[in-house]
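Heads up, the thing below is written out as structure tokens.
Residue numbers (full-length UniProt numbering): 1 to 477.
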């Protein structure tokens, strides 16, 4: 695990690109200092990978609040790509609820009928379970779906994108809320029972037969089309990963030790004490104001929900020193979470001579007073340094997991990935490959590693797992 290829980079490589020749010395000194604090050098990644491996090993052996959770998912059968049938799936993420009917064609392809519902603030705060039931009822009615003959309910897979302690293939207790959710009377309770109770209240004829994490769903979807898939990752509103692990290496697993099982890392919880992560004052400001203070520290450094807020904090630090915008802000910019990560993407992508797209975001969207080109360059540099940190930390975690199973690197490996950061943040995939080359080696990355977009994969994966559970039930009767 410690044999990681590649040479370290000089910290200056992370600092010099952010100097603005025509800017004041004071602004440049602050930008250089900020860039140093956000820098993730190759040597830092080596340290992170080593710590990741230690945390994985402890988490696989026993539950430890300071280690990665490493949750056994009870998913122990790889799809072949030959499965057929239609199955219902729910996919509850940080922003949307998707209700899907997935039809598996038996030739590694599938059809997807889906409806997306934006999760309301009220649902995030209080009535989530009833909201889910109401949306499923709408989907069933609009598509005229009913239980098949001889059944009282439609079997369904449920992708639940929040940390749960799984107690069975169709049961799991909510460990904590993240992604801005605060629904009361839920933590510590079985999310399937909570959802099923809401279905009963609303007379929805659906039975959840499998609950999976979104990363497990993404892994299974990718594996249906690409059998060499070893890992599923979400780089989106939040971040997490799942991978295939040998049962003999899961010390805390009390069942059969032969074969393999998907393990949900819950890697957003990595290094909550920030011993090895590049934790800055801007991260701390976000963290101390968040509803889950001190938790999911890694996730807060790389995922879409939080990147814009870290960037807003860093921009305001420059404003407060009167280094940009003549020390002025706007009512919008002063509010938490108003600098959307989508704005970062637009600004990073802006290569126009006068940074016109950046000007539009700052002046039209965020209602700032007229900005100078130096203001806009400084903002773009802040976005770039925080975005670069995100992708390098993302690559570090992916490499750490792949390096934990070195025997797999001799063969082709697919990694199924979904999420808005991976899909839409400029050059995210390209930079994942570039960073991975240093730690996994050119030969593996160029010839055997395939990062594959598993778009909307978490829902399809839930249906695939539901199908295997349903088939097992039929076989047992």
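Built from N, CA and C at the ideal position, the CB exists for glycine as well.
When you compare the CB positions of residue i and residue j, do they come within less than 8 Å of one another, or not?
i	j	result
residue 294	residue 284	no
residue 74	residue 169	yes
residue 307	residue 341	yes
residue 240	residue 213	yes
residue 120	residue 96	no
residue 178	residue 189	no
residue 124	residue 106	no
residue 171	residue 204	no
residue 237	residue 304	yes
residue 128	residue 183	yes
residue 262	residue 470	no
residue 348	residue 392	no
residue 414	residue 222	yes
residue 53	residue 400	yes
residue 344	residue 34	no
residue 317	residue 297	no
residue 480	residue 87	It is not possible to answer for residue 480, since the shown part of the chain is limited to 1 through 477.
residue 229	residue 416	yes
residue 332	residue 373	no
residue 312	residue 339	yes
residue 270	residue 37	no
residue 257	residue 266	no
residue 380	residue 350	yes
residue 390	residue 301	yes
residue 181	residue 421	no
residue 432	residue 475	no
Give me the Cβ distance between residue i and residue j, rounded to the nearest whole Å; I'm assuming they're in contact under 8 Å.
i	j	result
residue 459	residue 39	Not a contact, Cβ separation roughly 37 Å.
residue 112	residue 102	6 Å
residue 310	residue 282	5 Å
residue 427	residue 453	Not confirmed; about 15 Å, so no contact.
residue 92	residue 160	6 Å
residue 132	residue 195	6 Å
residue 403	residue 49	7 Å
residue 85	residue 104	6 Å
residue 355	residue 325	Actually they are not in contact, since the Cβ atoms of residue 355 and residue 325 sit about 14 Å apart, beyond 8 Å.
residue 276	residue 51	5 Å
Specify, as a first and last residue, the run of the beta strand (DSSP E) that residue i falls within.
i	result
residue 261	260 to 264
residue 157	154 to 160
residue 207	206 to 212
residue 67	Premise fails: residue 67 is in no beta strand (DSSP E) and is neither H nor E.
Name the one or two DSSP bridge partners that residue i has.
i	result
residue 231	243 and 415
residue 172	166
residue 86	103
residue 117	97
residue 196	DSSP, once it has assigned bridges, lists no residue as partnering residue 196.
residue 112	102
residue 91	98 and 159
residue 190	173
Along the chain, where does the alpha helix (DSSP H) that runs through residue i open and close?
i	result
residue 29	25 to 38
residue 128	128 to 142
residue 357	356 to 359
residue 346	341 to 349
- Query: Can you give, in chain order, each stretch of the beta strand (DSSP E) that sits fully within the segment 260 to 306 and has at least 3 residues?
  - Reply: 260 to 264
- Query: Which parts of the segment 398 to 459 are runs of the alpha helix (DSSP H), unbroken and 4 residues or longer, counting only runs that do not cross its ends?
  - Reply: 420 to 424, 428 to 440 and 442 to 447
- Message: If we require 3 or more residues per run, which beta strand (DSSP E) segments fall completely within the segment 306 to 334?
- Response: Listed in chain order, nothing qualifies, since the segment 306 to 334 has no complete beta strand (DSSP E) run of 3 or more residues.
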